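> This is the structure I have questions about; it appears just below.
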Amino acid sequence: MGLVIRRQYFAEAAHRLTDGVPDGHQCRRLHGHRYEIAVTVGGSVHGDGMIVEYGALDGAIMPTLEKIDHRDLNSLSERDPGPLAASVARNPTVELLLLWLVDALSQSVAAIPVRGVRLLGVSVREDALSTVEWSEMYR
């Protein structure tokens, strides 16, 4: 039987937008957010009664989040040489941040030994009014 786990994480980060907002817009100035990041994974319940042990899941997720937590997103490409990180660093919108997270977390979740756990969804809440989501069903 397939079940899902949704686990909540947090990252504090600064950024400033460079494209898509007019001169003088508040988001062109350096500012920060407390990002609420929800990660949804799915898999089968194993003989130990778990899809995945939470510590193993955290071990797969946290190295990615450490690249953004208490950091400037405009310098993400200094910590991750990939093309999505470069896009985030150029203009760190929550949408581009989410796409970077999905790419990185897909690989790290798939690398959890033995379990066959899959990344099914990621959401990033930037503030009380705005959340961006990715789901496997939207592919």
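Residue numbers (my numbering): 305 to 443.
From the three backbone atoms N, C-alpha and C, an ideal C-beta is built for every residue, glycine too.
Computed from a predicted structure; not experimentally measured.
Rounded to a whole number of angstroms, what is the C-alpha to C-alpha distance between V428 and Q312?
If you take the alpha carbons of V428 and Q312, they lie about 10 Å apart.
> Closer than 7 Å by C-beta to R338: which residues in its own chain qualify, once you throw out the five before and the five after it? Chain order, please.
Closer than 7 Å at the Cβ level, and outside the excluded window around R338, lie F314 and E316.
> To the nearest angstrom, how far is it from the Cα of H329 to the Cα of R419?
Cα to Cα, H329 sits roughly 47 Å from R419.
> Which residues does DSSP list as the beta-bridge partners of H329?
Paired residue(s): none; H329 is not in a bridge.
> Within a Cβ cutoff of 6 Å, which residues of the same chain sit near H319, ignoring the five residues on either side of it in sequence?
Correct list, in chain order: L377, N378 and P396.
> How big is the Cα-Cα spacing for A415 and S434?
Answer to the nearest angstrom: the Cα atoms are 31 Å apart.
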